[in-house]
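Position one of the sequence shown corresponds to residue 1 (UniProt numbering), numbered consecutively onward. Don't be surprised by glycine CBs; every beta carbon is placed ideally from N, CA and C. Here the structure comes first, spelled out in structure tokens, and everything after it is commentary.
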Amino acid sequence: MTGPAGIFNAPVNVGGAGRPVVSFPHQVGAVPRLAHGRQPRPADGLLATAVGGGGTTVVCQVLAGMGGVGKTQLAANLATQLWQTGQLDLLVWVTASSRTTILDTYSRAAADLTGVEDQDPQHAADRLRAWLAATGRRWLVVLDDITHPTDLTGLWPPDTATGRTVATTRRRDTALLAGRRLIDVGVFTTAEAHAYLIGQLGDTNNRLDEADELAGDLGYLPIALAQAAAYILDRDLTCAAYRTRLHRRRLDRLHPDTLPDEQQQTVTETWALSIIQADAATDHLAGQILRLAALLDANGIPTDLFTTTAALDYYRHTLGPDVDADAAADATRALYRLGLADATRDPDTGITLVRVHALVQRVVTEATPDDQRQAFAHAAADAIMELWPDIEHDSLTARLGRLLRTNTTALTVAVGDHLWHSCQGELDAHVLLYRAGDSQGEIGQVVAARNHYQQLAADAAQILGPDHPDTLRIRHNLAYWRGKAGDAAGAVQAFEEVLADQLRLVSPDHPDTLTTRSNLAYWRGEAGDAAGAAEAFEEMLADRLRVLGSDHPDTLRTRHNIAGWRAEAGDAAGAVQAFEEVLAGRLRVLGSDHPDTLRTRHNIAAWRGRRGTRPALPRR
């Protein structure tokens, strides 16, 4: 900062109205103590450089970030350094959580500096701002924890060559940032978190076992790490033991009896005010959106998910019929403005993502009543399904598919068995559980799809029971992806087992039974028994004709498969004739441009020319 050098200790009469005169340097308000073991951070350097610039620099810096990242500590460190090195004549620390607290501190400062006791706090604030604007002394005003930007209307310190203002806030409102420099404050880096835990815990009795994993569990949030370290020390635990408790207990049961570093709020309480404010500003819509976001991937949720028809239907069910997509979009943005979420744009696709810290998600989830979790789980699952492209055919849909798979994984972990029950409480597997696995297989990750269905089959047997229709469907899909992963013989065996259970439980003419028979025949051919596959499809044809009729697409598909496997078995001429009969039916029923019609044309050409091209047989 520029201005007169040195420290002025001589009394200076600046007003004279019965008040004792002040001497400089002078401080108003208490600067918070620096946290024990505080880690130097990149933002320290950014802030010091910004504040130390010449008269052309932006004179107000706004430290913005979610609750608990250490914004107040950054401001306190700067104020302490400037004060202790004699670079300030006046330091005013203001708790800016309300207009009342701002005016109270401004009134004290005005009385100290001008000697005038104003009965009207606003007059006193005007007097202080006028003094700051006119003085040549070096001053710093810190506005800590701005809750509402409107609280500062008419109260921002003036821009001068010798004065600086630093504000801390969770908010990112345009009005708050206009004409001021924003410094985003995030969580610790991995290295910073590691160094912090070493400094707090040492390495006595293996206390640092799983320290890095603990930092990850807590999302590298400084306040959470500080309170976890205090809890560990108070109870003589290791990081590993604390992690065990973290996974078993509610977060609000894991704070130390006495909070460290003069902290005023637990991690859970840190978020309460922001959540209340977000709800109040959006007629409770932001809270509903946050509850959905709490079930999804902390690292990136497509913003469009919160304005899907499925999401809107849920908002309307809980809040009334007037909620529309614009209101939902505004409420989602409010989460960003109030420091409860971050907004970012995926560089590869341009998809806008919402990120919610994992501990915010946990606090919100733990505060959600048990009787509401089923509905939230299904609303989130339905919204994901609505966004999922039918075919992931280009970079945009492929990236979206990856995002949705990641969010599906997060959802299934967060909601437990809720996706295995309908909203009416009946046993029922949500279609999203299937889509997540099929999506992997459809983009070529067939082993991942097989593994997905292996786990799904185990879960279904335990939750739904071995004879539930969804359990049989999941086993059917597992058999299919087992074959696609290279185990055709295993697929045949698995389909035989599924078919036996279906014949025991449902009609032989049930669509699921017929589909299983079709896939069993197909994989029998893939396993090397082309003649057996052709024979099985011929047996099926009689049932298809009886149940569906000659022109049904499934009947035509069965005839197509008979022709294909006859060709594989060595009867190319007979296959061509059979394909021509199928083609006539498909032209009549489906039209010339239908994919099935084109597939039949291809196979006629391939086998007529004896090029050895395998027929394009349908899958399931």
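Worksheet item: What are the start and end residues of the alpha helix (DSSP H) that includes His26?
Response: To locate residue 26, count along the sequence shown from 1; it is residue 26. Segment 26-28 is the beta strand (DSSP E) holding His26; no alpha helix (DSSP H) there.
Item to complete: Measure the C-alpha to C-alpha separation of Trp131 and Ala343 and round it to an integer number of angstroms.
Response: Taking the sequence shown and counting its residues from 1, the one referred to as residue 131 is at position 131. Taking the sequence shown and counting its residues from 1, the one referred to as residue 343 is at position 343. Taking the straight line joining both Cα atoms gives about 40 Å.
Worksheet item: Under 8 Å, do Arg399 and Ile463 count as touching if we go by C-beta distance?
Response: Walking along the sequence shown from the start, residue 399 turns up at place 399. Walking along the sequence shown from the start, residue 463 turns up at place 463. No, the pair does not count as a contact, with Cβ atoms beyond the cut-off.
Worksheet item: Looking at the unbroken alpha helix (DSSP H) that takes in Gly441, where does it start and where does it end?
Response: Translated into the one-based positions of the sequence shown, residue 441 becomes position 441. Gly441 -> alpha helix (DSSP H) spans 431-442.
Item to complete: Can you give me the start and stop residues for the beta strand (DSSP E) that Gly163 sits inside?
Response: The count along the sequence shown starts at 1 and reaches residue 163 at position 163. Membership of Gly163 in the beta strand (DSSP E) is indicated by the continuous run 163-169.
Worksheet item: From Ala30 to Ala367, what distance separates their C-alpha atoms?
Response: As a first step, residue 30 must be located in the sequence shown, where it is residue number 30. As a first step, residue 367 must be located in the sequence shown, where it is residue number 367. About 34 Å.
Discussion item. Using DSSP's beta-bridge definition, name the partner residues of Leu90.
Written reply: Locating residue 90 in the sequence shown gives position 90, counting from the first residue. DSSP, once it has assigned bridges, lists His26, Trp139 as partnering Leu90.
Worksheet entry | Touching by the beta-carbon criterion (3+ pairs, under 8 Å), the segment 490-508 and the segment 519-529 | yes
Practice prompt. State the start and end residues of the unbroken beta strand (DSSP E) segment that holds Leu63.
Written response: On the sequence shown, position 63 is the one that residue 63 refers to. 60-64 is the extent of the beta strand (DSSP E) around Leu63.
Discussion item. By alpha-carbon positions, which one of Trp565, Leu319, Ser507 ends up nearest to Ala533?
Written reply: Your numbering for residue 533 matches position 533 in the sequence shown. The residue with the shortest Cα to Cα distance from Ala533 is Trp565.
Worksheet item: Is it true that the CB of Met385 sits closer than 8 Å to the CB of Val413?
Response: Walking along the sequence shown from the start, residue 413 turns up at place 413. Walking along the sequence shown from the start, residue 385 turns up at place 385. No, they are not a contact pair.
Fill in: Same chain, Cβ closer than 6 Å to Thr266, five either side skipped, listed in chain order
Position 266 of the sequence shown, counting from 1, holds the residue named residue 266. Once the five neighbours on either side are set aside, the close Cβ partners of Thr266 are His255.
Discussion item. Quick check on Cys60: buried or exposed, where buried means 16 or more other Cβ atoms within 10 Å of its Cβ?
Written reply: Within the sequence shown, the letter at position 60 stands for residue 60. Result: buried.
Fill in: Assigned secondary structure, Val589 (DSSP; H/G/I helix, E/B strand, else coil)
The count along the sequence shown starts at 1 and reaches residue 589 at position 589. In the structure shown, Val589 sits in a helix (DSSP, three-state: H, G or I).
Discussion item. Cutting at 8 Å between CB atoms, please list the residues of its own chain near Arg405, excluding the five before and the five after it.
Written reply: On the sequence shown, residue 405 is found 405 positions in, with the first residue counted as 1. Answer for Arg405: Ala436, Ser439, Gln440, listed in chain order.
Fill in: Bounding residues of the alpha helix (DSSP H) (the contiguous stretch that carries Thr332)
Within the sequence shown, numbered from 1, the residue matching residue 332 stands at position 332. Residues 325-337.
Worksheet item: By DSSP, does Pro321 sit in helix, in strand, or in coil?
Response: Here residue 321 corresponds to residue number 321 of the sequence shown, with the count starting at 1. Here Pro321 sits in coil by DSSP.
Worksheet entry | Chain-order list of residues whose beta-carbon lies under 7 Å from that of Gly300 (same chain, five-residue window excluded) | Here residue 300 is taken as the residue at index 300 of the sequence shown, counted from 1. Closer than 7 Å at Cβ, skipping near neighbours: Leu353, Arg355, Leu403.
Worksheet item: Hey, Ala134 and Tyr106: beta-carbon distance below 8 Å or not?
Response: Taking the sequence shown and counting its residues from 1, the one referred to as residue 134 is at position 134. Taking the sequence shown and counting its residues from 1, the one referred to as residue 106 is at position 106. Taking 8 Å as the Cβ cut-off, Ala134 and Tyr106 do not qualify as a contacting pair.
Worksheet item: According to the Cβ coordinates, are Leu90 and Pro157 closer than 8 Å?
Response: Mapped onto the sequence shown, residue 90 falls at position 90. Mapped onto the sequence shown, residue 157 falls at position 157. Cβ distance not < 8 Å, so Leu90 and Pro157 don't count as in contact.
Item to complete: Give every residue of the same chain whose Cβ lies closer than 6 Å to the Cβ of Thr509, excluding the five residues on either side of it in the sequence, and list them in chain order.
Response: Against the sequence shown, residue 509 aligns to sequence position 509. It is Asp, not Thr, that sits at residue 509 in the sequence shown. Within the same chain, Asp509 has close Cβ partners Val547.
Worksheet item: residue 630 to Leu208, Cα distance in whole Å?
Response: For the chain, the structure presents residues 1 to 620; residue 630 sits outside this window and is missing.
Worksheet entry | Under the three-state DSSP convention, the category Ala343 falls into | To locate residue 343, count along the sequence shown from 1; it is residue 343. Reduced to three states, the DSSP call for Ala343 is strand.
Worksheet item: Any idea what DSSP makes of Pro369, helix, strand or coil?
Response: One-based indexing of the sequence shown puts residue 369 at position 369. Of the three classes helix, strand and coil, the one that applies to Pro369 here is coil, per DSSP.
Practice prompt. State the CB to CB distance for the pair Ala531 and Ala569, rounded to an integer number of angstroms; the pair is presumed to be in contact (CB under 8 Å).
Written response: The sequence position of residue 531 within the sequence shown is 531, counting from 1. The sequence position of residue 569 within the sequence shown is 569, counting from 1. That pair is a contact at about 4 Å.
Worksheet entry | Nearest-angstrom Cβ-Cβ length linking Ser274 and Leu338, presumed shorter than 8 Å | For the purposes of this step, residue 274 is taken as the residue at position 274 of the sequence shown. For the purposes of this step, residue 338 is taken as the residue at position 338 of the sequence shown. Their Cβ separation, rounded to whole angstroms, is 5 Å, which keeps Ser274 and Leu338 in contact under 8 Å.
Worksheet item: Between Thr516 and Val506, which are expected to be in contact by the criterion C-beta below 8 Å, what is the C-beta distance as a whole number of angstroms?
Response: For this step, residue 516 is matched to residue 516 along the sequence shown. For this step, residue 506 is matched to residue 506 along the sequence shown. Actually they do not touch by this definition, with Cβ atoms about 10 Å apart.
Item to complete: Quickly, what does DSSP pair His421 with across the bridge? List them, please.
Response: For the purposes of this step, residue 421 is identified with residue 421 of the sequence shown, where counting begins at 1. Answer by DSSP bridge pairing, in chain order: Leu427.
Item to complete: Select from Trp93, Asp44, Gly199 the residue whose C-alpha is nearest the C-alpha of Leu74.
Response: By one-based count along the sequence shown, residue 74 stands at place 74. Of the candidates Trp93, Asp44, Gly199, the one whose C-alpha sits nearest the C-alpha of Leu74 is Asp44.
Fill in: Own chain residues within Cβ distance below 7 Å of Ala380, not counting five before or after
Here residue 380 refers to the residue found at position 380 of the sequence shown. Here the set comprises Leu292, Leu295, Leu296, Leu411.
Worksheet item: Excluding the five sequence neighbours on either side, which residues of its own chain have a C-beta within less than 7 Å of the C-beta of Ala485, listed in chain order?
Response: In the sequence shown, residue 485 corresponds to position 485, counting from 1. Within the same chain, Ala485 has close Cβ partners Val446, Val447, Arg450.
Fill in: Range covered by the alpha helix (DSSP H) that runs through Val492
Taking the sequence shown and counting its residues from 1, one reaches residue 492 at position 492. Counting along the chain, the alpha helix (DSSP H) containing Val492 begins and ends at 488-505.
Worksheet item: In angstroms, rounded to a whole number, what distance separates the CA positions of Thr397 and Pro389?
Response: Your numbering for residue 397 matches position 397 in the sequence shown. Your numbering for residue 389 matches position 389 in the sequence shown. Take the alpha-carbon of Thr397 and the one of Pro389: they are about 6 Å apart.
Practice prompt. Work out the CA separation of Leu456 and Leu433 for me, nearest whole Å.
Written response: Within the sequence shown, the letter at position 433 stands for residue 433. Within the sequence shown, the letter at position 456 stands for residue 456. Taking the CA atoms as reference points, Leu433 sits about 8 Å from Leu456.
Worksheet item: So does the segment 536-555 actually touch the segment 570-584, counting three or more Cβ pairs closer than 8 Å?
Response: no
Discussion item. Quick check on the burial criterion: 16 or more other C-beta atoms within 10 angstroms. Buried or exposed for Leu34?
Written reply: In the sequence shown, the residue the question calls residue 34 occupies position 34. Per the 10 Å Cβ criterion, exposed.
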